[in-house]
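Chemist: Sequential numbering of the sequence shown, starting at 6, is according to the numbering used here. Positions of the beta carbon are idealized from the N, C-alpha and C atoms, including for glycine. I have a structure here, written as structure tokens, and I will follow up with some questions on it.
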Amino acid sequence: MRHLLAWTLAAAATLAAAPTAPGAATSHPRCPRLTAPWYGDARDRLQRVIDERGACAGPEGGTEGSTEDVPARPVAAFDWDNTITKNDVTDATLSWALRHDRILRPARWTDTSQWLTPAADRALTEACGTGVPEGAALPTAAQPRCTDEILEIREHGTTMTGAPAFAGTWNHRRTVPQYAWVPQLFAGHTPAQLSAYARAARREALAAPVGATRTLGTHTVPAYVRYYDQQRDLVRTLQRAGFDVYIVSAGSEPITEVWSRGIGVDPAHTLAIRSVLDRHGRMTTRNEGCGGIPATRGEAIPYIDGKRCRLNQEVYGVQGAAAWRRQPWPQRPAIAGGDADTDVTFVGDATGAHLVVNRNKPELMCRAYDDADGRWLVTPMFLGPLPRRPDPYPCSTTAYTAPDGSGRPLLRDDGSVVPDQRDTVY
Numbered sequence: 006m007r008h009l010l011a012w013t014l015a016a017a018a019t020l021a022a023a024p025t026a027p028g029a030a031t032s033h034p035r036c037p038r039l040t041a042p043w044y045g046d047a048r049d050r051l052q053r054v055i056d057e058r059g060a061c062a063g064p065e066g067g068t069e070g071s072t073e074d075v076p077a078r079p080v081a082a083f084d085w086d087n088t089i090t091k092n093d094v095t096d097a098t099l100s101w102a103l104r105h106d107r108i109l110r111p112a113r114w115t116d117t118s119q120w121l122t123p124a125a126d127r128a129l130t131e132a133c134g135t136g137v138p139e140g141a142a143l144p145t146a147a148q149p150r151c152t153d154e155i156l157e158i159r160e161h162g163t164t165m166t167g168a169p170a171f172a173g174t175w176n177h178r179r180t181v182p183q184y185a186w187v188p189q190l191f192a193g194h195t196p197a198q199l200s201a202y203a204r205a206a207r208r209e210a211l212a213a214p215v216g217a218t219r220t221l222g223t224h225t226v227p228a229y230v231r232y233y234d235q236q237r238d239l240v241r242t243l244q245r246a247g248f249d250v251y252i253v254s255a256g257s258e259p260i261t262e263v264w265s266r267g268i269g270v271d272p273a274h275t276l277a278i279r280s281v282l283d284r285h286g287r288m289t290t291r292n293e294g295c296g297g298i299p300a301t302r303g304e305a306i307p308y309i310d311g312k313r314c315r316l317n318q319e320v321y322g323v324q325g326a327a328a329w330r331r332q333p334w335p336q337r338p339a340i341a342g343g344d345a346d347t348d349v350t351f352v353g354d355a356t357g358a359h360l361v362v363n364r365n366k367p368e369l370m371c372r373a374y375d376d377a378d379g380r381w382l383v384t385p386m387f388l389g390p391l392p393r394r395p396d397p398y399p400c401s402t403t404a405y406t407a408p409d410g411s412g413r414p415l416l417r418d419d420g421s422v423v424p425d426q427r428d429t430v431y
């Protein structure tokens, strides 16, 4: 357990009250101010939550109901890739590793993932070859076919010929094989080695011009990453206001930790896919589980409901199957933010503000535009925003991803169907 938030019922009832109209809140004189420019009234509404919940507000704010034994600091939680930064930092590290021969050859590619198909195993074996011993570095920099197969499987879950790369049964609200696969590709390395690769990739990506791309095999991939100024300012202000700020990501934990330090979030507050280590301290193809699920080869990662599970388990100390369920109001973040359907569950758990960066992801955008509790804030991407989605989001038919992977109607808490929503913030 990393953090436990204790509030009195009276304080919870007071703070859970519906937000006032935009611009109506009075700034608390002791609370730090957001200064970066935001879309619409998002900054004012975020500031209101800071003023109401922050420890900076004194007894009427986040410290209400604290005890000697249990710190009463409000929590804010954010996804990382394309929420705090523009572009994906795990992909940036994989790109660097492929260009510097850092992927070790497995005995069999099916050892990397329990769902990898025979077609993918054959494609990887043929493209990457068997010319180096098991456990030795593959010469991916000189083998564009190998790089192509790895990137195609990571990006699309298919081989270069279009064959499915993953098959079988998994809970689609707890994992996605190609996300789990990237940390599995780094099996045999130590976390310190992977962190070093991430630092090298970070230096390279921050130095590259905005908009820069590179070609790997036949794939064109982003060559740059940028921290969003607005999110840097938000995280810094929240921390100064007495919030515990957490990152919860479906990327690899050693990689995410390298980047989160850049905004002042330490490894103890960075939650991502945590690989199980062997007796020599090297990463394996297994990752730690959550909510009563033991270590597996990817069955439970911080993905959709898995992000809620990790926050509940490691921030609030909720153990066993209960960690998969929405917790009472005092054991939920005050502010949560994300950009994709993988974030929808924990962002929806927030009690003060649900911050959404619009990347046209249907389940998340349906929740955001439906705005059932009046606390959803939508902002365009801060850098290179997407154009308006021409068609309404299919909220009433297929926006919800069911555990079996099928698309179903999205329901509100009262069981009613969310109607289709038009894209209005872009």
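Contact between the segment 335-347 and the segment 366-384 is defined here as three or more beta-carbon pairs at a separation below 8 Å; is this criterion met?
Modeler: yes
Chemist: Would you check if the distance between the CB atom of residue 128 and the CB atom of residue 154 is smaller than 8 Å?
Modeler: yes
Chemist: Measuring straight from C-alpha to C-alpha, what distance separates residue 363 and residue 399?
Modeler: 16 Å
Chemist: Cβ of residue 98 within 8 Å of Cβ of residue 206?
Modeler: yes
Chemist: If you check the beta carbons only, do residue 370 and residue 426 fall under 8 Å apart?
Modeler: Contact check for residue 370 against residue 426 passes: the beta carbons are separated by less than 8 Å.
Chemist: Below 8 Å, can you find three or more Cβ-Cβ pairs linking the segment 253-267 to the segment 305-315?
Modeler: yes
Chemist: Assuming the contact rule is C-beta atoms closer than 8 Å, residue 297 and residue 326 should be a hit. Round their C-beta distance to whole Å, please.
Modeler: With a Cβ gap of about 5 Å, residue 297 and residue 326 count as contacting.
Chemist: Would you mind working out which of 394, 58 and 388 sits nearest residue 235, comparing C-alpha positions?
Modeler: 388
Chemist: Pairs of beta-carbons, one from the segment 140-157 and one from the segment 221-236, closer than 8 Å: are there three or more?
Modeler: yes
Chemist: Just to check my reading of the structure: residue 174 and residue 124 have Cβ atoms closer than 8 Å, yes? What is that Cβ distance to the nearest angstrom?
Modeler: Their Cβ separation, rounded to whole angstroms, is 18 Å, which puts residue 174 and residue 124 out of contact at 8 Å.
Chemist: Let me check understanding here. Comparing Cα to Cα, which of 156, 323, 249 and 60 lies closest to residue 132?
Modeler: Nearest of 156, 323, 249 and 60 to residue 132, Cα basis: 156.
Chemist: Straight-line CA distance for residue 355 to residue 338?
Modeler: 5 Å
Chemist: Can you find a C-beta in chain D that's less than 8 Å from the C-beta of residue 56?
Modeler: Among the chains in the structure shown there is no chain D, since it carries only a single protein chain.
Chemist: Report all residues from its chain with a CB closer than 7 Å to the CB of residue 231; omit the five preceding and five following residues, and keep chain order.
Modeler: 90, 91, 215 and 388
Chemist: Just list the residues that DSSP pairs residue 231 with in beta bridges.
Modeler: 91
Chemist: Using C-beta distances below 7 Å, list every residue in its chain close to residue 268, excluding the 5 sequence neighbours before and after it, in chain order.
Modeler: 89, 232, 237 and 240
Chemist: Among 347, 110, 138 and 419, which one has its Cα closest to the Cα of residue 83?
Modeler: 347
Chemist: Report the option in 244, 115, 279 and 329 whose CA atom is closest to the CA atom of residue 260.
Modeler: Out of 244, 115, 279 and 329, the CA that lies nearest to the CA of residue 260 is found in 279.
Chemist: By how many angstroms is the C-alpha of residue 264 removed from the C-alpha of residue 192?
Modeler: 21 Å
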